[in-house]
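Numbering (our numbering), first residue to last: 1 to 121.
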């Protein structure tokens, strides 16, 4: 019950951060993510999966990456809103995920990163 309430609150709080994301700024913020992720079309995986085309892709399905059971079973498609929720607190959104990153607390930075990820098509 508490997990459902927390997730519902996070969805409600996440939506305003999506307005006005700047992809150019997001590319700069994403440099922190590059320790674990690539975002190049046709690129390989690192500690985490390649994020090129992640928006619109079903979670846990990028070929060649060994996802946690939690991510494989998450079963949702990455939308801007879902990414906003996940990037706020990954381990709350997908308990058991291998992503040890604590999250991006700054809503503007999250919106920018998501705008950047949306531009990768």
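Built from N, CA and C at the ideal position, the CB exists for glycine as well.
Inter-residue distance for residue 77 and residue 29 is about 23 angstroms (C-alpha atoms, whole angstroms).
For residue 58, the three-state secondary structure derived from DSSP is strand. Residue 100 and residue 87 have their C-alpha atoms some 11 angstroms from each other. DSSP places residue 117 inside the alpha helix (DSSP H), whose first and last residues are 107 to 119. Its Cα nearest to that of residue 37, the residue 51 stands out among 24, 51, 95 and 25.
Straight through space, the alpha carbons of residue 107 and residue 67 are spaced by roughly 27 angstroms. The beta-carbon distance between residue 112 and residue 45, rounded to whole angstroms, is 24 angstroms. This is too long to meet the 8 angstroms contact definition. Under DSSP, residue 77 forms a beta bridge with 58.
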